[in-house]
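Student: Once you know that position 91 of the sequence shown is 90 in numbering that gives the first Met the number 0, the rest is easy, because the numbers rise by one and skip nothing. Can you read through this structure? Questions will come right after.
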Amino acid sequence: MAARMQQQKDRKENPPEELRDAEGHLVDKFGNHLNPEDEHDHSGKKKPLELTNKPLPTTNEGARLTFDIGTEKHDFGKLLQGMVAEHEFTLHSSGTEDLIIRQVKPTCGCTVAQVYYEGAQGERLAYTYGNPIPAGTTVWVPAKLHTKGKRGHQNTRINITSTDPRGQTQLGLEADIDPFFVVMPSYLNFGQIRKGEEKTLELQISTVKSEALLMTVEPNSIPAGVTVDLQATGALDPEGRSPSWKLKATAGPELVEGNLARTLMVLSDKVIEGGKPNPDGSPAVFQVSVTLSARVVGPFSFNPPYMSMGLVRPGQVLSRSVRLTCHDADFSLAENLPTVSIKGIAPANQPYPDWIHAERFTPRVTAVPGENSVDIELTCQGMPESLSGSFRGTLLIGLTHDEKDEVVIPITGVCRGGVVPVNKAAGG
0 MAARMQQQKD
10 RKENPPEELR
20 DAEGHLVDKF
30 GNHLNPEDEH
40 DHSGKKKPLE
50 LTNKPLPTTN
60 EGARLTFDIG
70 TEKHDFGKLL
80 QGMVAEHEFT
90 LHSSGTEDLI
100 IRQVKPTCGC
110 TVAQVYYEGA
120 QGERLAYTYG
130 NPIPAGTTVW
140 VPAKLHTKGK
150 RGHQNTRINI
160 TSTDPRGQTQ
170 LGLEADIDPF
180 FVVMPSYLNF
190 GQIRKGEEKT
200 LELQISTVKS
210 EALLMTVEPN
220 SIPAGVTVDL
230 QATGALDPEG
240 RSPSWKLKAT
250 AGPELVEGNL
260 ARTLMVLSDK
270 VIEGGKPNPD
280 GSPAVFQVSV
290 TLSARVVGPF
300 SFNPPYMSMG
310 LVRPGQVLSR
320 SVRLTCHDAD
330 FSLAENLPTV
340 SIKGIAPANQ
350 PYPDWIHAER
360 FTPRVTAVPG
370 ENSVDIELTC
380 QGMPESLSGS
390 FRGTLLIGLT
400 HDEKDEVVIP
410 ITGVCRGGVV
420 PVNKAAGG
């Protein structure tokens, strides 16, 4: 019971990190789009599409934007992931005054390129926002539902702002999105890789309906230091199409230190009808997005990535620490304890200058039992009363390793006046 309560407390205090794609949309760990405005249910359970249209007033005076009962929603039923489905809503300017539409704003996954209205001769005319629409006129709102990156039941809304005194009119689209491809596993996580090493992972791509396709990897989506091989694993037709493909990705040995997080695009030759063309003018096609991730480390890594002293009161004594780990089994940090010096911030390609606050910090290096690691503890002996604001320095860790002789760790903190704890040290 206590463990479960602690887990709930940890989730509340440390909510999961938001993931976003290259366009800034919220995504889950599989790359599927999420949106707080939409009632997307990626478990596949269907939720009703609810709109917030206010009831009509008892009188018909003024401007009115209305629709026939039941036509404010459209359910496409089942769609394949990647398809673009179209529907046109019919509305009416049905009040006693001209209607003005100020904005039509779809939520995630929906687009409205143009609104149309009925001209004096019954013709269909493109509408310009802000222009009056006479009472008795029909209004058309064509909308597209984009299913790329979506799965399960999807709801999306179109919010229309007009001079109707009710303020906003809502229209809605919904569909059940079935996957076009099955990808196993759904992403490739190489984990921690030592710089200079290689690691290979594989995944299988197949079409749900066993449709044979020609698949290729978009070259510009392959990150530097990664090689990709894509081979058909199913029966081939005369043009080389297959319903299943195996993708093999090899990371290293030319990867640079740091975190790798990229999306690999695997394109098919099947065009999406109604899909928005790519920026280069080529047609939109069914595709697979594969997330590649890795943490590339050299002979040493440290955590956390900087020495944050946090909020420091003038005169306050407190300590923080960073753990330095060696990934070279032939080099013992315990037998080759690093040296520590404290410097200021250096301009690019310049030596580190002396830091005015260096003497206020005392470093200590301690080997970690059972690990090829050391804890580097930095104790602030008290910042001056005159300091108010942020401070920054540099922790230089000297090493005797053949590949790396120095690790640089930033020092950060903020000093604010207030009550000063007496002889109280805070652990890191």
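Yeah, the Cβ is synthetic: ideal placement off N, Cα and C, and Gly gets one too. Remember, predicted model here, so these are calculated numbers, not experimental data.
1. Please check the pair L50 and R123, which I expect to be a contact at CB under 8 Å, by giving their CB distance rounded to whole angstroms.
2. Can you give me the start and stop residues for the beta strand (DSSP E) that D97 sits inside?
3. Along the beta strand (DSSP E) that carries I159, what are the first and last residues, could you check?
4. Could you give the first and the last residue of the continuous beta strand (DSSP E) run that contains Y351?
5. Can you give the Cα-Cα distance for L202 and F330, rounded to whole angstroms?
6. Who pairs with K72 in a beta bridge, going by DSSP?
7. Which of helix, strand or coil does DSSP assign to E429?
8. When you compare the CB positions of E253 and V296, do they come within less than 8 Å of one another, or not?
9. Note down, in chain order, each residue of its chain lying with its Cβ closer than 8 Å to the Cβ of C325, except the 5 sequence neighbours on either side.
10. Give the single residue among R240, G224 and A223 whose Cα lies nearest to the Cα of L231.
11. Spatial neighbours of G129 within its chain, please: C-beta separation below 7 Å, excluding the five flanking residues on both sides.
12. For P337, count the other beta carbons within 10 Å of its own beta carbon; 16 or more makes it buried, fewer makes it exposed. Which is it?
13. In terms of residue numbering, what span does the beta strand (DSSP E) encompassing S307 cover?
14. Are at least three pairs of beta-carbons, each pair with one atom in the segment 79-88 and one in the segment 182-196, less than 8 Å apart?
15. Which stretch, first to last residue, makes up the beta strand (DSSP E) that contains L395?
16. For R150 and F75, what's the separation of their Cα atoms in angstroms?
17. Using a Cβ-Cβ cut-off of 6 Å (strictly less than) and excluding sequence neighbours within five positions of P409, which residues of its own chain qualify?
18. Rank S318, V225, G274 and Q380 by C-alpha distance to the C-alpha of T110 and give the top, closest one.
19. K194 lies in the beta strand (DSSP E); which residues open and close that run?
20. Using only CA atoms, which one of W244, L55 and P383 lies nearest to G233?
21. Would you call G108 buried or exposed, if buried means 16 or more other Cβ atoms sit within 10 Å of its Cβ?
22. Beta-carbon within less than 8 Å of T393's beta-carbon, same chain only, minus the 5 sequence neighbours each way: which residues are those?
23. Can the beta-carbon of T262 be found less than 8 Å from the beta-carbon of S292?
24. Just how far apart, CA to CA, sit T89 and T65?
25. Anyone know if the C-beta pair for P178 and S209 falls short of 8 Å?
26. Short of 8 Å in beta carbon distance, which residues of its chain neighbour Y431, apart from the five on each side in sequence? Order them along the chain.
27. Looking at the structure shown, is S209 part of a helix, part of a strand, or coil, going by DSSP?
28. By DSSP, does P218 sit in helix, in strand, or in coil?
29. What does M382 pair with, by DSSP beta-bridge criteria?
30. Find the nearest neighbour of G61 within the set F189, S92, L386 and S389, judged by alpha-carbon distance.
31. Looking at the secondary structure, which residues open and close the beta strand (DSSP E) in which K275 lies?
32. Please say whether T378 and S307 have beta carbons closer to each other than 8 Å?
33. Any Cβ of chain D within less than 8 Å of the Cβ of T378?
34. How far does the beta strand (DSSP E) with N302 in it reach, from first residue to last?
35. Using the C-alpha atoms, what's the distance from N158 back to G314?
Tutor: Short version:
1. Actually they are not in contact, since the Cβ atoms of L50 and R123 sit about 26 Å apart, beyond 8 Å.
2. Where D97 is concerned, there is no enclosing beta strand (DSSP E), given that its DSSP letter is neither H nor E.
3. G151 to S161
4. Run containing Y351: none; DSSP gives neither H nor E here.
5. 36 Å
6. G171
7. Here the chain comprises residues numbered 0 to 427, so residue 429 is not present and cannot be evaluated.
8. no
9. P298, F299, S331, L332, N371, S372 and H400
10. Residue identity check: residue 231 is Ala in the sequence provided, not Leu. Ranking R240, G224 and A223 by Cα distance to A231 puts R240 first.
11. I99 and R101
12. buried
13. M306 to V311
14. no
15. G388 to G397
16. 14 Å
17. Y305
18. G274
19. Looking at the DSSP string, K194 is not in any beta strand (DSSP E), and its letter there is neither H nor E.
20. W244
21. buried
22. I341, K342, G343, I344, A345, Y351, W354, V407, I408, P409 and I410
23. no
24. 9 Å
25. no
26. This structure leaves residue 431 out entirely; the chain is present only between 0 and 427.
27. coil
28. helix
29. P313
30. S92
31. Counting along the chain, K275 falls outside any beta strand (DSSP E), and DSSP gives it neither H nor E.
32. no
33. The structure shown contains no chain D; it is built from a single protein chain.
34. F299 to N302
35. 57 Å
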